[in-house]
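Visitor:
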DNA sequence: ACTCAATCTGAGATTGAGTCTCAATTAAAA
DNA sequence: TTTTAATTGAGACTCAATCTCAGATTGAGT
Ligand SMILES: [Mn+2]
Ligand SMILES: [Mn+2]
Ligand SMILES: [Zn+2]
Ligand SMILES: [Zn+2]
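Below, the structure written as structure tokens:
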């Protein structure tokens with residue numbers, strides 16, 4: 039039993055929800071994928087694996103995974119929301135190339151610290167944040 | 039003639055576009071409003087002022103104002119895109135209260151500097167950025 | 001194992017912000 | 001004034017996301 043399965047099960051149990059075969063399959067596919075993906079890509083991926091899980095169920099389960107803190111949703115500039123799994127990966131933010139769509143991840147502890155200071159100064163209790171920089175990657179200058 | 043009118047006119051002229059009465063009315067309404075607003079709120083506001091300008095024209099003109107660098111679009115967590123005017127206001131980012139929806143603006147030069155350093159390190163040429171922190175304001179803890 | 005209330009799923013309908021179409025209108029250059 | 005291109009508005013359209021609801025599944029209690 040993987041770490042993420044245990045966490046998801048616990049999250050579901052706490053809310054009287056069930057760890058169904060569909061939710062299990064989606065969880066596994068999400069944690070097998072080490073990329074940013076959107077909901078319909080996940081539907082597609084599951085179908086390719088022979089798992090016939092409906093769009094509605096995938097959307098609903100991704101929401102549960104976000105609520106449970108197992109994955110993170112973000113807008114990377116396009117219309118569709120994309121997801122990535124969180125557990126076992128440390129926090130990072132994104133550079134988004136408007137030329138080729140490339141996503142570069144970065145992590146800067148000092149920026150995070152200063153963000154916290156801003157929140158302290160303004161009496162704000164931050165739960166999440168999103169820092170995105172849009173521009174041109176080295177291939178697209 | 040206001041500063042923003044001159045800038046918008048110049049932008050339009052450069053692209054062989056026209057400074058129509060509709061575009062003028064939208065520009066004025068946008069710069070009269072010192073709040074974050076979304077496109078349909080702007081349609082509504084103009085209608086209240088007796089200006090019958092179509093939804094399509096408002097959407098199209100807001101896009102032009104963004105392209106011209108007069109206003110800025112952002113996602114503050116809700117479904118709809120919101121706008122604010124830029125000219126005469128210095129850059130800032132946002133704290134977004136998930137309790138009451140309150141938006142707090144802040145500006146931190148050191149964070150901005152460090153963002154630049156991240157881009158330099160990764161050979162990325164940033165054109166814009168968006169830093170949002172979601173959480174609870176002092177009234178909603 | 002059986003019952004039963006609660007949860008879950010899937011197919012398809014619905015929503016809604018944003019975009020597009022196109023015919024009629026308007027701007028402005030010649 | 002003529003001519004050409006841009007503009008507008010009404011409403012159709014798109015499409016990610018959400019909702020509906022009937023039938024299926026789960027699991028606690030017996
Ligand atoms: Mn990432
Ligand atoms: Mn603002
Ligand atoms: Zn690129
Ligand atoms: Zn609040």
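Protein chains in written order, with the numbering used here: chain A, 39 to 179; chain B, 39 to 179. Here a beta-carbon is modelled for each residue, glycine too, at the ideal position from N, C-alpha and C.
Buried or exposed for residue 182 of chain A, going by 16 or more other Cβ atoms inside 10 Å?
Guide: In the structure as shown, chain A starts at 39 and stops at 179, and residue 182 of chain A therefore has no counterpart that could be examined.
Visitor: Is residue 135 of chain B a contact residue of ligand 4, with contact defined as CB to any heavy atom under 7 Å?
Guide: Taking the first residue of the second chain as position 1, residue 135 of chain B is located at position 97. Flag set: Cβ of residue 135 of chain B near ligand 4.
Visitor: Measuring CB atoms only, is the segment 69 to 81 of chain A touching the segment 114 to 125 of chain A, in the sense that at least three cross pairs come out at less than 8 Å?
Guide: The segment 69 to 81 of chain A is in contact with the segment 114 to 125 of chain A.
Visitor: Touching or not, the segment 60 to 73 of chain A and the segment 85 to 93 of chain A, by the rule of three or more beta carbon pairs under 8 Å?
Guide: At 8 Å Cβ cutoff, the stretches touch.
Visitor: Identify which residue in B/50, B/43, B/177, B/166 has its Cα closest to the Cα of residue 160 of chain A.
Guide: Here the question's residue 160 of chain A lines up with position 122 in the first chain. Measuring from the Cα of residue 160 of chain A, the nearest candidate turns out to be B/177.
Visitor: Pop quiz: residue 39 of chain A and residue 164 of chain B are said to be a contact at Cβ under 8 Å. What is the actual Cβ separation, rounded to whole angstroms?
Guide: The count along the first chain starts at 1 and reaches residue 39 of chain A at position 1. The count along the second chain starts at 1 and reaches residue 164 of chain B at position 126. Residue 39 of chain A to residue 164 of chain B, Cβ: 43 Å. No contact.
Visitor: List in chain order: all unbroken beta strand (DSSP E) runs of 3+ residues lying wholly within the segment 39 to 115 of chain A.
Guide: Listed in chain order, they are 109 to 112.
Visitor: Which of the three DSSP states is assigned to residue 157 of chain B in this structure?
Guide: Taking the first residue of the second chain as position 1, residue 157 of chain B is located at position 119. Correct three-state label for residue 157 of chain B: helix.
Visitor: Just the C-alpha distance for residue 255 of chain A and residue 115 of chain A, rounded to the nearest angstrom, thanks.
Guide: Nothing about residue 255 of chain A can be reported from this structure: the residues present for chain A run from 39 to 179 only.
Visitor: State buried or exposed for residue 192 of chain B, treating a residue as buried only when at least 16 other CB atoms are found within 10 Å of its CB.
Guide: The shown model of chain B, from 39 to 179, leaves out residue 192 of chain B, and the question about it has no answer.
Visitor: Name, please, each residue of chain A whose Cβ falls closer than 9 Å to the Cβ of residue 168 of chain B.
Guide: As a position in the second chain, residue 168 of chain B is number 130, starting the count at 1. Result: 168, 169, 170, 171, 172.
Visitor: Applying a beta-carbon distance threshold of less than 7 Å, which residues of chain A neighbour residue 156 of chain B?
Guide: Translated into positions along the second chain, residue 156 of chain B becomes position 118. 144, 146, listed in chain order.
Visitor: Can you give me the Cβ contacts of residue 174 of chain B inside the same chain, cut-off strictly under 8 Å, excluding the 5 residues immediately before and after it?
Guide: As a working mapping, residue 174 of chain B is identified with position 136 in the second chain. Correct list, in chain order: 135, 136, 137.
Visitor: What residues in the segment 115 to 134 of chain A bring their beta carbon closer than 7 Å to a beta carbon of chain B?
Guide: Answer in chain order: 133.
Visitor: Buried or exposed: where does residue 158 of chain B fall if 16 or more other Cβ atoms within 10 Å of its Cβ makes it buried?
Guide: By 1-based counting over the second chain, the position of residue 158 of chain B is 120. So residue 158 of chain B ends up on the exposed side.
Visitor: Would residue 63 of chain B count as contacting chain A if we go by Cβ distances under 8 Å?
Guide: What you label residue 63 of chain B is simply residue 25 of the second chain in a count that begins at 1. With 8 Å as the cut-off, residue 63 of chain B does not count as an interface residue toward chain A.
Visitor: Check the Cβ of residue 161 of chain A against every Cβ in chain B and list those closer than 8 Å, keeping chain order.
Guide: The sequence position of residue 161 of chain A within the first chain is 123, counting from 1. Result: 175, 176.
Visitor: Please report the straight-line C-alpha distance between residue 166 of chain A and residue 95 of chain A, rounded to a whole angstrom.
Guide: The count along the first chain starts at 1 and reaches residue 166 of chain A at position 128. The count along the first chain starts at 1 and reaches residue 95 of chain A at position 57. Roughly 26 Å separates the two Cα atoms.
Visitor: What does residue 124 of chain A pair with, by DSSP beta-bridge criteria?
Guide: One-based indexing of the first chain puts residue 124 of chain A at position 86. Beta-bridge pairing links residue 124 of chain A to no other residue.
Visitor: Would the C-beta of residue 73 of chain B count as close to ligand 4, meaning under 7 Å from any of its heavy atoms?
Guide: Against the second chain, residue 73 of chain B aligns to sequence position 35. For ligand 4, not one heavy atom lies less than 7 Å from the Cβ of residue 73 of chain B.
Visitor: List, in order along the chain, the chain A residues whose C-beta lies closer than 9 Å to that of residue 165 of chain B?
Guide: On the second chain, position 127 is the one that residue 165 of chain B refers to. Result: 136, 171, 172, 173, 174.
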